[in-house]
Every structure is written in C-alpha cells, then in structure tokens.
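Working notes, beginning with the structure itself.
Protein chains: 2
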Amino acid sequence: MWIYGAGLGGLCLAVVFVPTIWFLTNQGISHVDTYPQTHNATSAWCSGKSNVDRVCRFKNLCFSSVYDTFLFLHGEESILDGVPDQRFNPALVDLSSVADHNTQYFHYVDAAVENLLELPHRHHIFKMGKFLLFNRFNPDNIMHVFHDDLLPIFFTLHHHGQFKDGPNLTLLPFEGWTHGEFFDLYRVLSKDEPILKLDLKEDTLTCFDEIYVGLSGLATWYQYGFNIPQGPIPDHSLTSFHVKYFREFFQRKLNLRTTCPPNAKHGVLLSREENRLIVNEGELALKISYAFNMTMLTVSLETHSISQLIQEISCAKVLVGVHGSLFILSLFLPPSSIILEIFPFAVNPDRYTPYKTLASIPGLDLHYVSWRNMEERNSITHPDAAPQYGGIRHLKEEEQRRIILSVEVPPHLCCKDPEWLFRIYQDTVVNVTEIIKVVTEAMTSSSQDSSVGKASWIDGSLKHRLAPGFINDLTCIYRNDLGGSNIFRIAWLQPWNVDLIHLPGISYEVLVQGQGLETVDTFITNETFLDIIPSASIHVYFVWVKAVSMGTKGPQSWVRCSW
Amino acid sequence: MWIYGAGLGGLCLAVVFVPTIWFLTNQGISHVDTYPQTHNATSAWCSGKSNVDRVCRFKNLCFSSVYDTFLFLHGEESILDGVPDQRFNPALVDLSSVADHNTQYFHYVDAAVENLLELPHRHHIFKMGKFLLFNRFNPDNIMHVFHDDLLPIFFTLHHHGQFKDGPNLTLLPFEGWTHGEFFDLYRVLSKDEPILKLDLKEDTLTCFDEIYVGLSGLATWYQYGFNIPQGPIPDHSLTSFHVKYFREFFQRKLNLRTTCPPNAKHGVLLSREENRLIVNEGELALKISYAFNMTMLTVSLETHSISQLIQEISCAKVLVGVHGSLFILSLFLPPSSIILEIFPFAVNPDRYTPYKTLASIPGLDLHYVSWRNMEERNSITHPDAAPQYGGIRHLKEEEQRRIILSVEVPPHLCCKDPEWLFRIYQDTVVNVTEIIKVVTEAMTSSSQDSSVGKASWIDGSLKHRLAPGFINDLTCIYRNDLGGSNIFRIAWLQPWNVDLIHLPGISYEVLVQGQGLETVDTFITNETFLDIIPSASIHVYFVWVKAVSMGTKGPQSWVRCSW
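Keeping their order, the protein sequence lines are chains A and B. All letters in the first sequence, in the order written, are residues 1 to 563 by full-length UniProt numbering. All letters in the second sequence, in the order written, are residues 1 to 563 by full-length UniProt numbering.
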C-alpha cells in the first residue's frame, strides 16, 4: 500500500508510504494498523571486553532485507549499556563460537525510529518472543555442526538462563545458507521453528522483540588453524559432565535410547562413499568382527540418518574409520569404548587431533588410538581431482613434484593447503593385521583402566580454578625476649577449605609495609607464620597474607603490627 | 538434630551430623528429608573483563553463616563459564555500583557438594526463585540510596532482562546493615520482600536457586573522590529518558500522582534541623514567596516522609537549600524548574557537583544555579563539634589555625578531610537579596529556554556512539588516459544513514596495500573518491574504505584494484 504526500502522525514528509505491518505471535498473525506504537526504539545490553567474549541482548532489533543489515532504531527510550565507542573494531560480537573469524562478525547500523517512514521498506513485521542470533560456521559438515554450533548453542542457552528442561529461545541462524541436511539437529535446540535469514521477506523490516547475540566458546576444544596450525584450544573448559549432559538431552529429544541393551557388543565402521576410501574396507570389517567376536556395522551418511548413527554409536564398543567429520559422533560413545582413527600416507596424526582431544577429556573414559599408513605403495592419490578434493594439476609442475615426493605434510594453516588436501584425500589399502593389533592393545588397556576412568569434579580444567579461601585467625605478636632484639611473629591458620577439597602445594604470600614507607616487602613461605624484625624507627607495620595453591591465589587478609 | 557416627548415603565419616533442611518457596515452607538431592552443585556464568564491569549469574550458590562467606559447591555438574583464573585479583565482581571500592568486593570460597556433611552447618535452607545480590553503599544517606543503589538496581534488572512491568528478582542487600529508614524504596524494586544478610539464620547454609551478582554502573554520574577529588564520571551514560523512566516507575509504585495540578505553582525549601543550617531560613522562604508569588513549602526528612517529599518536589517550580543529600530528589522535579543550591563560606560550588551534573543532563530541562556565601561574618563555624560534623579540636593547633584562616577548601579526597567537614558543616546567614536575584535570572532564562530544552535521542552521551554505516557501491576503475600515467580511481557512496541521522563531519579513511607488500598506506579524505597512482611493478592493490564521524569509525568495505 502506497500513499503519496500523506502526513502521518505529525510527520510531514514530501513522500511517505505506509508499509503493511504484521504482528507474528504464537497465536497467529494479526494485522495492526496503528503505526508508531509498533516500532519501539531499540535497546542493547552488552557485557565483555571484545567481540570474542562479548555477549549482547537487544530489545526491538530490526533486520532490513533492503540494506541486508540489522538496524538499531534509536529513540528517546533507547538504552545502550556496554556498547563500546568503536564497535566496528573489528565487531561488536562474534556470531560464531569460532573466535574472531572475519566472516562471523555481528554489526548493526544506526538509524532512528523517527526516520522509519523514510526508509524503503514495503512491509514491517514484528516477531514476538526471544531469539538467539548466530551464524552456523559450516552447516554442511557434521563435525562443525556439533563443535561450532550445537554444543555452543546448548551452553549459550544456559549462560543466559534460557534453558529449563529445554530451550527457551528460538534460533536465528543468520549466515545466509539454506536449511542443509542437519537442520533437524538445530531444531532440537530451538524453542520454535528456527528462522533463517533466507526466510525473511524481501523489502521488509523485520523487528525482533528480544534477541541474544553470539555463542559461548565454553564448550569448544579445537581451533582450525586460521592463525596457527590447527590444534586443541589451550586450557579449554569442556568437561565430561558437559558432554554427558549435552548427549543425554540430545538423545532424549531425538527419541533415542539412553541405555544400551545388556550384552550388546558391536563395532561401527565409518565408511565414506566418494573419497578418502579404505580400499579393503570389507576385509577390515570382517577381520575385526572375527578377531573380537563382535558384529561390525558399516555406516555412512549416505546409508544412515544422523539419528540412526547416534543410536548405533551410543552402544558401540569400537569406532573405526578414516579421519573425517563423522568422528564427532564420538560424543555419543559409551564409556570404555575404543576410537581407532586411520590416517592416510604422509598425514601425521599428531597434527590433526580434534577427536583425540575430545577423547582425552577426563571422565569420558574413551580410549583413542590412531593408525597411520606408512607404506606409500598402499596409497592411491588423485592428482587430477578438483583442487578442493586434493587435485594438484592447477599448481606449477615444480610444486606438484615437491608435493608428490614429500613423505609428510608440513604444518600448515587452514583451509586450502594443496599438499594437505592431496594427502588427506588419498584412498588407502589398510594393513588389517596392524590395525587389529592396535585395537587389541587398546582393548587390553581399556579393561584395565575402566575402574580408573571415573570422572571427578576436580578433573581437567577445573584444577587451576580452585582457590584457597580466606586464611584464619591472622595475628601479629610483638616479642623482645630474645636478648633484646625486637620480633613480630605473624601467624595464621590454613584456610578451612584446603584439606576439604584437597588443594595441593599450599604456600603463603606475605606483604609487609612499614607505616609511611613506599616500599612493600614480599615473602613466600610454606609455614603458617613469619617472623619479621622491625626497623628501630618504624613502630607500625601493615601485613597482608594470602594462601596460594598451584599459582592460584586466595583472598587477602590483613593485620596491623605495632610496638 | 545431631547424629553421631551415622553413615549416610554412602558417606562414611567419623562424625557427621544431619542438618535440618528447609525449602522456602512462594507456597510456604516444606520440610525435606532426602539429603543429597537438595544440594545440587553450584554453577557460574560470568561476562566481563574485570570486577568493575563483570556480571555473574549463579545457580545454587550458598551462603554460610558459619564462615560468613558464599560457598561454591563444586560437583560433577558444575559449569564455570567466564570465571577468571585469578578471581581474587582483586575480586570477581563489585557488589556496588561504586567502582572498585575495596569494601564492595564479591568473593566465594571453593568447596564441594561431597564435603557438605563435613561442614559445621546445623541447618540447610534452600530458597527458590531469582535474586539480585548487591551491597547498599550507604543506606543511611538518601543521595547514595538513589545514585548508588536504586537507579543501578533498576537498570541492572533491565540489563538481565528481569524487568517486565516490574522487578522479576528479589533483592539481597548483603552489606550487613539493618533495614534503615529508606528500606521501602528498595522494596519497590524487589519482586518479593528483600532478604538482608542479617535475616539469615546462625549456623546455617542458605542456598539460593539463582543469583545475579553486581550492579550496572550505567546510570551513575558521580564519583566520590576515592582516587581523585570528587566530580562527574566522564562520559557517563545517564540520559533524560533513563531518569524519566525510573521516575515514572517509582511514582507509580509509591502511588504518587505523575501529573501536577493545573496552575500549581509552589517552591520547596529543603531544611536541615541539626546542622548546616540556614540561620534566616524563615526570611528566605518568605521573601522568595513574595518575590515570585508562590507558596514556599519548608520540608525535611524529620517532618516529611520520602513519599511526601517526592510528591511535593515533583510539582515544584523551585527547589532551594544548602548543599546536601536531599537534592537527589531533583530526579523528580518537573521540566522548567529551578534548582538553587546554597554553599557555605569557603566551599567552592564547582568542586561539589552531583546535583549540578544531574541537572545538566540534556532533555531534563532543569535549571541549576548555585549561591555561595562569600562573607565570612555571615558564617557560624563549629570547631568544638565531633570530627565527623566538622569539629577540629582533635587537630594540632597549627593545623586548626591554618583551617580557620583558609578562605577556600582546597581539592581533597573522600571522606574525612577535616577542613572540608569544618566548612560544609557551617551554618549560614544567607543574603536573601542576592539569592532572589539569582533565582530571578534563572527564571527568566528558563522561560526563554523552555522550547529549546526538548530531549532528542541524539543528545548527550549518545552522540559519540552513533556510527556511519557501510559505504555503498565501492568501485575501483583503472584509467591511463592522462598522458600515459596510470591511475586508479577508487569511488564510493556515502553511507545511507549519514543524512538520515544527521551524522556530522563525515570523512573517509582509505587503506591501500599493494599485493605482496608489507606496508599499508592510509589516506583521509572528505571526498567520496580517491585517485592513486600504482607502482609500475605492482599490478594488484587491495583497498579498504570506512566512513568516520567525529572520530567514530564505521564498518569497513574493500575492493580489489588491478591493471
């Protein structure tokens, strides 16, 4: 509906048009005629120091499909809390859990409620409810789906207190892609049907009642090599509890069993149909089956749904395959199970460890082993393939020759290193005897370990977060009974929580300052007392004492000494 | 109830005792017998970079009245998100909106769910619901109550999305004081009756279902001189909208009228009964009343309740008094009103400006003037009073003499500067003629300004937060038509929001990098194009362009130039 030259609600513009306005609520769609009330001003509340760790919540944030950006509609009632002055440096918030990736930045553009009729939107839609705005990092790859999106979404919902038995936010995956084959997994974490950027209408301003922006990196454990070669995130915080908690929720929501049938004993072989093949896959499955007296299921995304894969893997004793994204389903393996990851010729398993890192989380009780093809003759290369599948014909001949002669891919950055692609997309005739030997060893050590593998809340990354509490009964007693020399004895008791939570290596940091002096002396002691000899001219000392465990400092107490 | 030597729930301890366990819900109190289920592990989610700007949310955080501290009960299901490794450096979160004050630190001590029976608590209480933990900074002083507590609580509730028509959290003022005379004001911002630290039982572990910790500093505008002499917080974010929004909520909740009777015209004189007196207060009230033909109400905390004071002030034309905490009620003054703040002899009004700063917020339309007694003979000092009321007899004679001879209190830190206290606690015989002249001038300029004083969303602190959007249609065209010299013309269009929201002083920052070069050249231009002459040996250039308004940079676009 277009009206030319109309004056509306006190606004006098040469040309205005009145957009149609729709309210979308859970009760359906209603048409709203009054214009100004429907556009409240935007407000923002952010916390954090940079785009990587900042989280924001918006009221009335609007997406313009005309300008392809979010608009912050300033108005008298706008609140801006925690938004930095330079918010494009480089961005306000990361839309992905992948830290500081320059395709994953959230921006908004400043506009004003009072300007709305000047903007070229033909429709205005208002969506009630609470939303979580983020980008799927690589929604076609199941490893990325779980690691970058699903686990982070799950813990972001908890971060905001928006998970009570299930998600309380509706997902807004806004990277611009279509649903993709794994969309059902996102639905599990969305209160209502997720809304894609593609779902928004043309020529429309779509305003959202309440949006949380960004994903927590809490549950991520691997970085993909954008700045340094790929590897585990140092000191990542993922614990076995996180994994189990996530897994149980997912299994319940997908209507999968959460306990395995008694005496179930089978293995799963992850098969690939197109590339990176195990040439003698049938032989491998058969011989593992014989060797360990267990059924081997050969599965792939082409033959099984994700739900079926999770179902089978959640009761598997062994998971075998060539390095690839399906190994992310190790998240669903039962305790005491074994992961065997096969690497093609010239690919060093120590450099590509997303699944090894996952399996090593204390308390998960997973037993990870790898096997690497060291025999070039058992490898089939594909120099003529497309570059993204390891072809190298587009390179200079000299470079092609170098790659072919190399026996190990050197460290490299993401994502298009031709030597890496050339090698990882090789097919392999695996040495079944060697592999069975590796699995046998893993099984032996697994059965020995299984009593040890219990999770403890003090495991893993938590250790360095535990701090001693306040020291107790800090006193300072003056003595001059030692042949006339003055002594202060500063004494205290160990914090009460040290023995309780078994904090190791307790020492004490003691700061001493004479009244009127600029300098502070620092003492470290393992005792619960310290003697200091006061200067003849200084009659008052201030003393601060804290306990330290493995570098983690407790709170400070203080006492005044005088003589 | 104590039991010795009992083994409970698989725990075998030499001596355990079973505490009584109470569940407090909105439905009343129920007694719970099963022990372990009632103690879920604690979890924490924090955002922010330091104690000043960090905000945290806890599940199942417990306060021990035995150890007088909060306990984090670690367990398998604990989540720790955003807690720094050194959380006593100096603290995890500030409990007050007053930044980084060392009496306002929030700490918890690490313990474990599995240790609970070893801890000496006789009772365990679990409180359902959501809470806001904070310290009242100075609950006896109405200025501090509003500035440090009530306004920050109000905007903290919004920050967390916990305000829908009213507060959705119950307040936990935990500084340890009793209710105090202004407690009703805190009740207005609390979902249920606030719980003081004093309300918690002895020998008890009190666990809270969900706690938010800390107060937003968004709405504070004044610092009290702990590190540098007191003054406005630079670039504070309080806007007239914030004030009006807060005010209207409070007036509604206190059942006060929000509109003034037509033709109402009265002034309010803030009186003090004990100290810092206006000796000729009656004369002042009478002569203002005559001069402006308005009723003058003389009010004080001794004669009026806070509700009555707010009611009267909310319709006052003039607010007069000696510098003191009641001026915080300027928050409730109507537009176009006048504030006259009287300062005793030797006290420079430019150094004590909490109310002047408040009144100067654009859009509030308050007219602030001050009057300072310059005649020492009109001042009555109290050298024999207690030191906290300005007595100086405890000082050395020389220092007393210096203070008495000084004609202006030099800049000083909070909070016990004797010269400041000596001067601010003087009584004053005010010069009524001068004061009426000052008020008359203010009234004249007020009536002239009243049309100008309208709030705009672009007022105040917002200005430097508004950024230009993306530049449009960035292109790079190669020309060599100028007598053989090569030129790239880089051209773009102004961001579409620049004219819309009237961004001033737009310029463009252009970064240019030749392919393979390490260096980046930066150009600043007011035009929407830039010509660059490529090096003969470099055939590809990368160019990034962003718009800049008053130092605030917009997002970056880029283009590749080649010839």
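Backbone N, C-alpha and C fix where the C-beta goes; we use that ideal spot for every residue, glycine too. All values reported here derive from a predicted model rather than from experimental measurement.
Rounded straight-line distance, which links the Cα of A41 (chain A) to that of V16 (chain A): Here V16 (chain A) scores only 36 on pLDDT, less than 50, and its place in the model is too uncertain to base an answer on.
Apart from the five residues just before and just after E248 (chain B), which ones in its own chain have a Cβ nearer than 7 Å to its Cβ? Excluding residues within five positions, the ones whose Cβ falls inside 7 Å are T258.
Taking only beta carbons into account, state which residues of the region 105 to 132 of chain B come closer than 7 Å to chain A, listed in chain order. Taking 7 Å as the Cβ-Cβ cut-off against chain A, the residues of the region 105 to 132 of chain B that qualify are H107, V109, D110, A111, A112, N115 and E118.
For N472 (chain A): DSSP bridge partner residues: For N472 (chain A), which the question treats as bridged, DSSP gives the partners A:L493.
Restricting to runs no shorter than 4 residues, where is the alpha helix (DSSP H) found entirely within the region 137 to 196 of chain B? If only complete runs of 4 or more residues are kept, the region 137 to 196 of chain B shows the alpha helix (DSSP H) at 151 to 159 and 183 to 187, in order along the chain.
Please state the DSSP three-state secondary structure of L466 (chain A). Three-state DSSP puts L466 (chain A) in coil, outside helix and strand.
Taking the straight line between their C-alpha atoms, what separation do you get for L364 (chain B) and H236 (chain B)? Going from the Cα of L364 (chain B) to the Cα of H236 (chain B) covers about 15 Å.
Span of the alpha helix (DSSP H), counted from its first residue to its last, around L249 (chain A): Checking the sequence, you will find Phe at residue 249 (chain A) rather than Leu. DSSP places F249 (chain A) in the uninterrupted alpha helix (DSSP H) bounded by S240 to K253.
Using the Cα positions of P120 (chain B) and S65 (chain B), report the straight-line distance between them to the nearest angstrom. Here the alpha carbon of P120 (chain B) sits roughly 10 Å from the alpha carbon of S65 (chain B).
First and last residue of the beta strand (DSSP E) that includes G321 (chain A)? Unbroken beta strand (DSSP E) run through G321 (chain A): A316 to V322.
Could you give the C-beta distance for N115 (chain A) and L500 (chain B), rounded to a whole number, given that I count them as a contact under 8 Å? With 8 Å as the limit, N115 (chain A) and L500 (chain B) qualify as a contact, their Cβ atoms being about 5 Å apart.
Helix, strand or coil for F126 (chain B), going by three-state DSSP, please let me know. When DSSP states are grouped into helix, strand and coil, F126 (chain B) belongs to the strand group.
Is the region 195 to 211 of chain A close to the region 97 to 112 of chain A, with three or more CB pairs under 8 Å? The region 195 to 211 of chain A is not in contact with the region 97 to 112 of chain A.
Which chain A residues are close to I501 (chain B), counting only those with a beta carbon under 8 Å from its beta carbon? The answer, in chain order, is H74, D110, A111, A112 and N115.
With DSSP as the reference, please indicate the residues paired to W45 (chain A) in a beta bridge. DSSP output for W45 (chain A) lists A:R57 and A:D81 as bridge partner(s).
Less than 8 Å separating the Cβ of V438 (chain B) from some heavy atom of the ligand ADP? For the ligand ADP, the structure offers nothing, since it holds no ligand at all.
Of the choices A:S78, A:L151, A:V543 and A:N378, whose alpha-carbon is the least far from that of L218 (chain B)? Nearest of A:S78, A:L151, A:V543 and A:N378 to L218 (chain B), Cα basis: A:S78.
With 9 Å as the limit, tell me which residues of the region 353 to 369 of chain B have their beta carbon closer than that to any beta carbon of chain A; keep them in chain order. Listed in sequence order: G363.
CA-to-CA distance, L117 (chain A) to Y35 (chain A), given in whole angstroms: Here the model assigns Y35 (chain A) a pLDDT of 41, short of 50, so the residue's position is not dependable, and the following value carries that caveat. The straight-line gap from Cα to Cα measures roughly 10 Å.
Roughly how many angstroms lie between the CA atoms of I310 (chain A) and F246 (chain A), to the nearest whole one? The alpha-carbon of I310 (chain A) is positioned some 13 Å away from that of F246 (chain A).
Cα-Cα separation between N472 (chain B) and T525 (chain B), rounded to whole angstroms: Between N472 (chain B) and T525 (chain B), the C-alpha separation is close to 16 Å.
When you compare the CB of S216 (chain B) with every CB in chain C, is at least one pair closer than 9 Å? The structure shown contains no chain C; its protein chains are A and B.
Any Cβ of chain A within less than 9 Å of the Cβ of L405 (chain B)? Under the 9 Å criterion on CB atoms, L405 (chain B) is classed as non-interfacial with respect to chain A.
C-beta contact flag for W371 (chain A) and I306 (chain A) at 9 Å: Cβ atoms of W371 (chain A) and I306 (chain A): not closer than 9 Å.
Using CA atoms only, rank isn't needed, just tell me which of A:N486, A:T103, A:S507 and A:H323 is closest to F174 (chain A). Taking only the C-alpha atoms, the option nearest F174 (chain A) is A:T103.
Between the CA atoms of M128 (chain B) and H159 (chain A) - distance to the nearest angstrom: Roughly 19 Å between the two C-alpha positions.
For I501 (chain B), which of helix, strand or coil comes out of DSSP? Here I501 (chain B) sits in coil by DSSP.
For K317 (chain B), count the other beta carbons within 10 Å of its own beta carbon; 16 or more makes it buried, fewer makes it exposed. Which is it? That one is buried.
What is the DSSP secondary structure of V268 (chain A), reduced to helix, strand or coil? In the structure shown, the three-state DSSP call for V268 (chain A) is strand.
If the cut-off is 8 Å on Cβ atoms, which residues from the region 189 to 216 of chain A count as contacting chain B, listed in chain order? Here the close residues are E210 and S216.
In whole angstroms, what separates the C-alpha of K130 (chain A) from that of V243 (chain A)? One alpha carbon belongs to K130 (chain A), the other to V243 (chain A), and they sit about 26 Å apart.
Per-residue burial, C476 (chain A) [other beta carbons within 10 Å of its own, 16 or more giving buried]: With a threshold of 16 other beta carbon atoms within 10 Å, C476 (chain A) meets it and is buried.
Taking 9 Å as the threshold (beta carbon to beta carbon), is P495 (chain B) in contact with chain A? Interface criterion met: the Cβ of P495 (chain B) is under 9 Å from a Cβ in chain A.
As assigned by DSSP and simplified to three states, the class of V438 (chain A): In the structure shown, the three-state DSSP call for V438 (chain A) is helix.
Cutting at 8 Å between CB atoms, please list the residues of its own chain near L157 (chain B), excluding the five before and the five after it. Here the set comprises L132, F163, P167, N168, L169 and L189.
To the nearest angstrom, how far is the alpha carbon of N263 (chain B) from that of C315 (chain B)? Spanning the alpha carbons of N263 (chain B) and C315 (chain B) requires a straight line of approximately 10 Å.
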